[in-house]
Ligand code: CA
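Laid out in structure tokens, this is it:
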């Protein structure tokens, strides 16, 4: 039972009405509290909650199987490995402890001092240790736009695209948490008018509006996960900005796909929102024609209505919204992605990140990259502070925020943010 999701539930912790973190969310993350050790935690409103302190003080004693040190970790991996029934028990118990009708912690000032922190005063860390990062390419609108730009309208979608969720293996060592800035990559590229490749800082630095799901341990090598089983192997989701250097990418990608144009940085949001918390926001995926092969077929509502907005904030200027997309636009859902990933017997581990690919929608305002918004540099994007952009400049921060709202409750992911620093000499 998902008692944590009860829409009428209120917390004794103050929560603003438009907060991404009402008591119905209860995401999981890792942080360093003020002058203390790294802990696993959750968040209600603007209050970070130290779950290891809660556990040590006996608030989870009714969950006997919960290991003593499971929250005294610097990643969520061990907790994720415990599996969905345990994630559920912990979320339900946290909701119970912080329910407005429950006085056990509310009335204990000494305990509250050890457990509760202002989110502005804690340092968020990467939530998981990711052994493997996979990036799909599951938005038809994005694949069409890129295809039209590079191959023309007739050959926009590759022949395989509607038959399988195309993906590639990314780089996990350069996954960074929101707030960590990075330097503009340098590399080799070949401008259209150049005879030979040139070397230098990327001139066409872009973001990619994506979301990713984080898995738990899968089956043994050789065994597949079916579409019906897939959601049991998915812990939750984060916002993903899959930074891309378009000029490096364009020159290097043939024939093996993305490499140095992608692997210099991938930013993720720090709070993992569980699939259980997303349950009230389920929705239908776009119709699939042709019908996929049996191993990829799903029925019912297998995706989620999550609005995602992206913003550019130039140095010393104001933030401007540049697009609004939605997770529900994806042609391939997460169950299909995971079933396809493992159909050949490929194994997965707790903490693996599988990103959606750039999520674009039907309208220009829904395009999830500057490549599409500027149509490969042919258009200029005007920002609210008077600046103009085709691609990202040094000092620009790119921010993505995502939330769900079904008219009854609203939960969200917070933000993923990073600033582009100048290329290193
Ligand atoms: Ca991508």
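In this note's numbering, the protein residues as written are 46 to 470.
Glycine is no exception: its CB is placed at the ideal position from the N, C-alpha and C atoms.
What you are looking at is a predicted structure, and each value in this text was computed from that prediction instead of being measured.
In terms of residues, what are the limits of the alpha helix (DSSP H) holding residue i?
i, result
"residue 141", "129 to 142"
"residue 158", "154 to 160"
"residue 416", "415 to 418"
"residue 323", "320 to 323"
"residue 455", "First-last for residue 455: 455 to 466, but that is the beta strand (DSSP E), not the alpha helix (DSSP H)."
"residue 188", "185 to 196"
"residue 126", "122 to 126"
"residue 293", "291 to 297"
Identify which residue in the options has its Cα closest to the Cα of residue i.
i, options, result
"residue 83", "89, 90, 94", "94"
"residue 225", "169, 387, 195, 355", "169"
"residue 400", "177, 293, 200, 364", "177"
"residue 352", "194, 455, 462", "455"
"residue 426", "387, 469, 366", "366"
"residue 235", "249, 286, 101", "249"
"residue 461", "288, 390, 273", "288"
"residue 194", "416, 435, 437, 363", "416"
"residue 402", "284, 435, 86", "284"
"residue 369", "379, 376, 350", "350"
"residue 62", "464, 465, 450", "450"
"residue 294", "261, 309, 145", "309"
"residue 238", "273, 330, 292, 322", "292"
"residue 393", "265, 79, 50, 434", "265"
"residue 408", "210, 387, 391, 371", "371"
"residue 277", "443, 76, 126", "126"
"residue 189", "458, 457, 437, 420", "420"
"residue 404", "320, 269, 187, 329", "187"
"residue 107", "76, 59, 141", "141"
"residue 433", "362, 111, 221", "362"
"residue 413", "465, 355, 467", "355"
Are there 16 or more other CB atoms within 10 angstroms of the CB of residue i, so buried, or fewer, so exposed?
i, result
"residue 196", "exposed"
"residue 382", "buried"
"residue 214", "exposed"
"residue 203", "exposed"
"residue 358", "buried"
"residue 233", "exposed"
"residue 348", "buried"
"residue 282", "buried"
"residue 495", "Shown here, the chain extends from 46 to 470; a query on residue 495 therefore has no answer."
"residue 297", "buried"
"residue 445", "buried"
"residue 307", "buried"
"residue 200", "exposed"
"residue 103", "exposed"
"residue 98", "buried"
"residue 122", "buried"
"residue 218", "exposed"
"residue 280", "buried"
What is the residue span of the beta strand (DSSP E) that residue i lies within?
i, result
"residue 92", "92 to 95"
"residue 260", "254 to 260"
"residue 166", "From DSSP, residue 166 is part of no beta strand (DSSP E); its letter is neither H nor E."
"residue 88", "84 to 89"
"residue 73", "Note, residue 73: premise wrong, no beta strand (DSSP E); not H, not E."
"residue 285", "279 to 286"
"residue 179", "178 to 181"
"residue 366", "365 to 371"
"residue 213", "212 to 214"
"residue 354", "352 to 358"
Contact criterion: CB-CB distance below 8 angstroms. Does residue i meet it with respect to chain B?
i, result
"residue 338", "The displayed structure is made up of one protein chain only, and chain B is not part of it."
Next on the checklist: Just to confirm the assignment: which complete beta strand (DSSP E) runs, minimum length 3, are found wholly within the stretch 216 to 247?
Outcome noted: For the stretch 216 to 247, whole beta strand (DSSP E) runs of length 3 or above, ordered along the chain, are 220 to 222, 231 to 234, 243 to 246.
Checklist entry - Okay, do the stretch 372 to 387 and the stretch 424 to 443 touch, 3+ Cβ pairs below 8 angstroms being the bar? => result A contact is defined here as three or more CB-CB pairs under 8 angstroms, and the stretch 372 to 387 fails this definition with respect to the stretch 424 to 443.
Item to check | Every unbroken beta strand (DSSP E) inside the stretch 384 to 454 [3 residues or more] | outcome: Counting whole runs of 3 or more residues, the stretch 384 to 454 contains the beta strand (DSSP E) stretches 398 to 400, 442 to 450.
Item to check | Validate contact between the stretch 372 to 380 and the stretch 178 to 189 using beta carbons, cut 8 angstroms, 3 pairs | outcome: Yes: the two stretches touch, three or more of their Cβ pairs being nearer than 8 angstroms.
Next on the checklist: Taking 8 angstroms as the cut-off, does the stretch 114 to 124 touch the stretch 150 to 166 (at least 3 CB pairs, one atom from each stretch)?
Outcome noted: No: fewer than three Cβ pairs fall under 8 angstroms.
Checklist entry - Is the stretch 308 to 326 touching the stretch 64 to 77, taking contact as three or more C-beta pairs under 8 angstroms? => result They touch, by the three-pair rule.
Checklist entry - Looking at C-beta atoms only, is the number of pairs between the stretch 253 to 260 and the stretch 340 to 347 that lie closer than 8 angstroms three or more? => result Contact between the stretch 253 to 260 and the stretch 340 to 347 is absent: fewer than 3 CB-CB pairs across the two stretches fall below 8 angstroms.
Item to check | Whole beta strand (DSSP E) elements within the stretch 304 to 345, 3-residue minimum | outcome: Within the stretch 304 to 345, the complete beta strand (DSSP E) runs of at least 3 residues are 311 to 313.
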